[in-house]
Amino acid sequence: MLKQILLAIVLIAVPVAAFTGFEVYARSTATASGLGDLSAFKAIISDVQALAVKGDLSGAAKRITDWETAWDSAETAIRPLNQAEWGNIDSASDDALSALRAAKPVPDDVNKALAALMAALNDPSKPS
Amino acid sequence: MTTATLADAASIRPGPMTVFNRVPKVTADFWLIKLMAVTMGETAADYINVQLGLGLTLTSLIMSGVLAAALVWQFSQRRYVPAPYWLGVVLISVVGTLVTDNLVDTFGVPLLVTTIGFSIALAATFIVWFMSERTLSIHSIFTTRREAFYWLAILFTFALGTAAGDLVAEQFSLGYLATGILFGMIIASLAIGYFFLGLDPILGFWLVYILTRPLGASFGDLLSQPHQYGGLGLGTIITSAVFLAVIAGIVAYMSFRHEGEEVVVVDE
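Just so you know, the protein sequences line up as chains U and A, in that order.
According to numbering that gives the first Met the number 0, the first sequence holds residues 0 to 127 in order.
According to numbering that gives the first Met the number 0, the second sequence holds residues 0 to 267 in order.
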């Protein structure tokens, strides 16, 4: 019984150790990839910003729904890449969504929240 | 898969001393279909959750109801019948994924806590199972009580596999391909242990059963997620539908061949 459990532990530990060794080696030679390519997300937010600056807040609110859909459906894919960075963008996203979806959106708040979201997309490592 | 199976099936005649095992024999097809069921469970849970927009909690409740109905169907069988058995596995896979996602996303339970919690739950299931039945054999599931232990263990292996897989992927920021390779390597190592080093079949079976969950899930994500995140971009609908079709095909084939059926000789 004990011998079996030890055998199982060894059988699991050996590939884990080999894999970890390889990962550590691979990472030391490559630069951190962060969340990957976020340009598609930035493009949507820059659309929203353009609409908001023109004062078209309802158009901006409509366009940010595209962002919400894209961001939510990408969660499974990008969240594991970097939890903290993903969280920074997600909280900036929540702020921007609530600013635009307020009963009476305040243009100044909307612009600020969108700028913060864009900043988070440009540098996800910085908490907003 | 061999002609021996056909001969076995033909010779299955339950006498006074023999009964049918209610769960399948572990064959290559068993692992193939189990792996596909978990892959589909992951992509289908994603699809139901994201696309239908019912919210994680409502989705979990509805799917749990469907699972309960499937298990009633399975428990009403007195022998292994592929359709209800594999429907149960596919639905446990979907519900197990939803429950773990729900605990993490809605209730904010850390993955480390769910991983440890499900490990304890699974260990407790095995301990009570052994104390009650004096065996953990999957070749003599011929009472409703044993079958209940079996399915409870299956449920916890899925929940544990989901939590442990997500934990590894997130904690170490591994992509799905790397996660898949890692779990594939561990499974290969356990297979070597079973075939060459005398690893206990039942211990090996349950360990691999846990580990095929994260392997299948990373495979599903790899197929369904968009190119920009390193996936193949097939989407969750197509991936789920293709896998469901293949699973249905294998289940039909198994039913036709009576593959996986097993009789148990009762001592007393």
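The beta carbon of each residue, even a glycine, is placed where N, CA and C say it ideally should be.
Assigned secondary structure, residue i (DSSP; H/G/I helix, E/B strand, else coil)
| i | result |
| --- | --- |
| F19 (chain A) | strand |
| V264 (chain A) | strand |
| F106 (chain A) | coil |
| E84 (chain U) | helix |
| M253 (chain A) | helix |
| G62 (chain U) | Note on identity: in this sequence residue 62 (chain U) is Arg, with Gly being the wrong assignment. Reduced to three states, the DSSP call for R62 (chain U) is helix. |
| Y24 (chain U) | helix |
| M0 (chain U) | coil |
| E258 (chain A) | coil |
| Q50 (chain A) | helix |
| S32 (chain U) | Reliability fails at S32 (chain U), whose pLDDT of 49 lies under 50, so the model's placement of it is uncertain and the value that follows must be treated cautiously. Residue state, collapsed to three classes: coil. |
| K53 (chain U) | coil |
| F129 (chain A) | helix |
Buried or exposed by the 16-neighbour rule on C-beta atoms within 10 Å, applied to residue i
| i | result |
| --- | --- |
| S59 (chain A) | buried |
| L166 (chain A) | buried |
| V80 (chain A) | buried |
| T99 (chain A) | buried |
| V207 (chain A) | buried |
| F106 (chain A) | exposed |
| I44 (chain U) | buried |
| Q170 (chain A) | exposed |
| Y46 (chain A) | buried |
| T19 (chain U) | exposed |
| I119 (chain A) | exposed |
| Q50 (chain A) | exposed |
| S51 (chain U) | Before going on, a small fix: residue 51 (chain U) reads as Ala here, not Ser. When all chains shown are included, A51 (chain U) counts as buried. |
| P79 (chain U) | buried |
| V48 (chain A) | Residue 48 (chain A) is actually Asn in this sequence, not Val. It counts as buried. |
Test: residue i CB closer than 8 Å to a CB of chain A
| i | result |
| --- | --- |
| D184 (chain U) | Any property of residue 184 (chain U) remains undetermined from this structure, which presents chain U solely from 0 to 127. |
| P123 (chain U) | no |
| I11 (chain U) | yes |
| T30 (chain U) | Per-residue confidence for T30 (chain U) stands at a pLDDT of 45, beneath the threshold of 50, marking its modelled position as unreliable; no derived number is given. |
| T75 (chain U) | yes |
| V47 (chain U) | no |
| N147 (chain U) | With chain U covering 0 to 127 only, the question about residue 147 (chain U) has no answer from this structure. |
| V15 (chain U) | yes |
| P79 (chain U) | yes |
Min CB distance residue i to chain U below 8 Å
| i | result |
| --- | --- |
| G230 (chain A) | yes |
| P270 (chain A) | With chain A represented from 0 up to 267, any question about residue 270 (chain A) goes unanswered, as that position is not in the structure. |
| P213 (chain A) | no |
| P225 (chain A) | yes |
| V168 (chain A) | Here the sequence assigns Ala to residue 168 (chain A), which means Val is not the residue at that position. Judged by the 8 Å Cβ criterion, A168 (chain A) is in contact with chain U. |
| L196 (chain A) | yes |
| S188 (chain A) | yes |
| L221 (chain A) | no |
| L70 (chain A) | no |
Distance cut-off 7 Å: residue i Cβ against heavy atoms of the ligand FAD
| i | result |
| --- | --- |
| P109 (chain A) | Judged by which ligands are present, the structure shown has none, so any question about the ligand FAD falls away. |
Chain-ordered chain D contacts of residue i [CB-CB under 7 Å]
| i | result |
| --- | --- |
| I185 (chain A) | Included in the structure are the protein chains U and A, with no chain D among them. |
query: Pairing CB atoms from the region 165-184 of chain A with CB atoms from the region 216-232 of chain A, are three or more of them under 8 Å?
result: yes
message: For the structure I just gave you, are there three or more beta carbon pairs, one from the region 186-197 of chain A and one from the region 0-10 of chain U, closer than 8 Å?
response: yes
query: Is the region 233-246 of chain A touching the region 65-75 of chain A in the sense that three or more CB pairs, one from each, lie closer than 8 Å?
result: no
- prompt: Are there three or more Cβ pairs, one per stretch, closer than 8 Å when the region 21-40 of chain A is compared with the region 235-246 of chain A?
  reply: yes
- request: Tell me the start and end of each unbroken alpha helix (DSSP H) in the region 72-127 of chain U that is at least 4 residues and wholly inside, in chain order.
  value: For secondary structure counted as the alpha helix (DSSP H) over 4 or more consecutive residues, the region 72-127 of chain U holds these complete runs in sequence order: 74-77, 82-99, 106-121.
At least three beta-carbon pairs within less than 8 Å, the region 150-159 of chain A to the region 58-67 of chain U: These segments do not touch.
message: Measuring CB atoms only, is the region 103-111 of chain U touching the region 22-33 of chain A, in the sense that at least three cross pairs come out at less than 8 Å?
response: no
- request: With a floor of 3 residues, list each beta strand (DSSP E) that falls wholly inside the region 143-190 of chain A, ordered by position along the chain.
  value: If only complete runs of 3 or more residues are kept, the region 143-190 of chain A shows no beta strand (DSSP E) anywhere.
Touch test, the region 116-126 of chain U against the region 81-98 of chain U, Cβ-Cβ under 8 Å, three pairs minimum: yes
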